[in-house]
Amino acid sequence: MGVNNGGKHMNHLNRGARSQFRGSWQQRLLTLYGPWAVVTGASSGIGQALALKLAESGLNLVLVARNRGRLEQMATDLTARYGIEVHVVDLDLGLETSVERLADATRNLDVGLLVAAAGFGTSGAFLDADLEQELEMLNVNCRALLGLSWYFGRRLAKRGGGGLVLMSSIVGFQGTPFAAHYAATKAYVQALAEGLAVELAPLGVDVLAAAPGPTHSGFASRAGMKMGAGLQPQAISEPILAALGRRSTVLPGLLSKLLTYSLMPLPRWARVRIMGGVMDGMTKHRRNTSLSLPEVE
Ligand SMILES: NC(=O)c1ccc[n+]([C@@H]2O[C@H](COP(=O)([O-])OP(=O)(O)OC[C@H]3O[C@@H](n4cnc5c(N)ncnc54)[C@H](OP(=O)(O)O)[C@@H]3O)[C@@H](O)[C@H]2O)c1
Numbered sequence: 002m003g004v005n006n007g008g009k010h011m012n013h014l015n016r017g018a019r020s021q022f023r024g025s026w027q028q029r030l031l032t033l034y035g036p037w038a039v040v041t042g043a044s045s046g047i048g049q050a051l052a053l054k055l056a057e058s059g060l061n062l063v064l065v066a067r068n069r070g071r072l073e074q075m076a077t078d079l080t081a082r083y084g085i086e087v088h089v090v091d092l093d094l095g096l097e098t099s100v101e102r103l104a105d106a107t108r109n110l111d112v113g114l115l116v117a118a119a120g121f122g123t124s125g126a127f128l129d130a131d132l133e134q135e136l137e138m139l140n141v142n143c144r145a146l147l148g149l150s151w152y153f154g155r156r157l158a159k160r161g162g163g164g165l166v167l168m169s170s171i172v173g174f175q176g177t178p179f180a181a182h183y184a185a186t187k188a189y190v191q192a193l194a195e196g197l198a199v200e201l202a203p204l205g206v207d208v209l210a211a212a213p214g215p216t217h218s219g220f221a222s223r224a225g226m227k228m229g230a231g232l233q234p235q236a237i238s239e240p241i242l243a244a245l246g247r248r249s250t251v252l253p254g255l256l257s258k259l260l261t262y263s264l265m266p267l268p269r270w271a272r273v274r275i276m277g278g279v280m281d282g283m284t285k286h287r288r289n290t291s292l293s294l295p296e297v298e
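In the working numbering, the protein residues as written are 2 to 298.
Here's what the structure looks like:
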């Protein structure tokens, strides 16, 4: 892990001028959740789009992911464009020590917001899965997110308020054949966020489960899925951040609402079957060979 101050010299003039063009929802973000936000998964896709919106709103950022080069490039751009301070922390959230290391890297910053967007998916027949990869996904999507929610939740409560945005998914609202374990990790995030939203509200900490539908990012290729219709990360970043402090779950964009609300009246077993059909189509290209199970000792 390394820490880099991508822009030590805050350009206050620039900052003042920019603030005139800030929308009222962005001013609200800065007031309620500034001055510093930690964004995991900031090097790509949804996390990157959320980091851009936060920068536009005037929050200083701690950008977290493994790809240090991309984070440094972002730090340089965001510092120049918005006159904010940006720190870069390259960190593998699959490692057990990751939460402690992020805690060390942010100890002296007045963090008001955690956006936990880092995550990845797997797909295909469960019995064909590489168990090591599934365990890594469990570590990144659940274990690290749990540790970060606990650590920053305590910090935010102690300072009298702030926000946690936890990245769930529409697949987390029911079992999803052919992405069974990925969907289970997102059900974990969704349930954790819903519970914490109520528990932490009296402490001034707003918790939001963000449950996007299909979104074009690096996600599909890493998960081995073929995605058809999908939204751009920039289209869902604003509805996610605008929902913080106003509700406990957001389905950002029309597509995620459509896909979720159309299934809601159905019994859970039927939703599982339908989602299985959808995921079957998205992963078919990987299942043209018959299942060949390795020997189990
Ligand atoms: N795209 C979708 O359709 C969709 C829908 C619903 C929910 N989501 C959720 O949205 C979140 C963001 O995904 P995305 O769509 O933006 O995908 P993405 O473009 O692949 O971005 C994933 C981010 O997570 C980071 N990451 C992955 N493994 C990591 C690790 N071991 N340690 C630290 N950072 C790691 C990646 O950075 P590095 O590779 O640099 O480490 C990257 O910044 C995920 O939690 C995903 O489950 C996505």
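Every residue, glycine too, gets a C-beta built ideally from N, C-alpha and C.
### Query
Between Asn68 and the rest of its own chain, which residues show a CB-CB distance below 6 Å, the 5 nearest in sequence each way excluded?
Ser44
### Query
Closest by CA to Leu149, which one among Gly173, Thr107, Ser249, Leu51?
When only C-alpha atoms are compared, the closest one is Thr107.
### Task
Would you kindly check if the distance between the Cβ of Val40 and the Cβ of Leu51 is under 9 Å?
yes
#### Entry: Outcome for Ser263 when other beta-carbon atoms lying within 10 angstroms are tallied against a minimum of 16
exposed
### Task
Using 10 angstroms around the beta-carbon of Phe197, count the other beta-carbons present and answer buried if the total reaches 16, otherwise exposed.
Correcting the residue identity first, residue 197 is Leu in this sequence and not Phe. It is buried - the Cβ of Leu197 has at least 16 other Cβ atoms within 10 Å.
### Query
Which residues mark the beginning and the end of the alpha helix (DSSP H) in which Gly278 is found?
269-284
### Message
Can you look up Asn61 in the DSSP assignment and give me helix, strand or coil?
### Response
strand
### Message
Between which residues of its own chain and Leu260 is the CB-CB distance below 6 Å, once the five residues before and five after are set aside?
### Response
Ile171, Gly214
### Query
Can Asp111 be considered in contact with ligand 1, in the sense that its beta carbon sits closer than 8 Å to one or more heavy atoms?
no
### Query
What's the gap between the Cα of Arg71 and the Cα of Leu64?
If I take the Cα positions, the gap works out to 10 Å.
### Task
Give me the Cβ distance between Leu62 and Leu79, rounded to the nearest whole Å; I'm assuming they're in contact under 8 Å.
Sure, about 7 Å apart at Cβ, within 8 Å.
### Message
So for Arg248, helix, strand or coil by DSSP?
### Response
If DSSP states are grouped into helix, strand and coil, Arg248 belongs with the strands.
### Message
According to DSSP, Asp105 sits in a beta bridge with which residue or residues?
### Response
None; Asp105 has no bridge partner.
### Query
Quick one: does the C-beta of Lys187 sit closer than 8 Å to a heavy atom of ligand 1?
yes
### Message
Just to confirm my understanding: we take Leu232, look at its own chain, exclude 5 residues before and 5 after, and list those with CB closer than 6 Å. What are they?
### Response
Thr216, Gly254, Leu256
### Query
Can the beta-carbon of Gly35 be found closer than 9 Å to that of Leu60?
yes
### Query
Out of curiosity, what's the CA-to-CA distance linking Leu147 and Gly278?
31 Å
### Query
Hey, Ala184 and Gly173: beta-carbon distance below 9 Å or not?
yes
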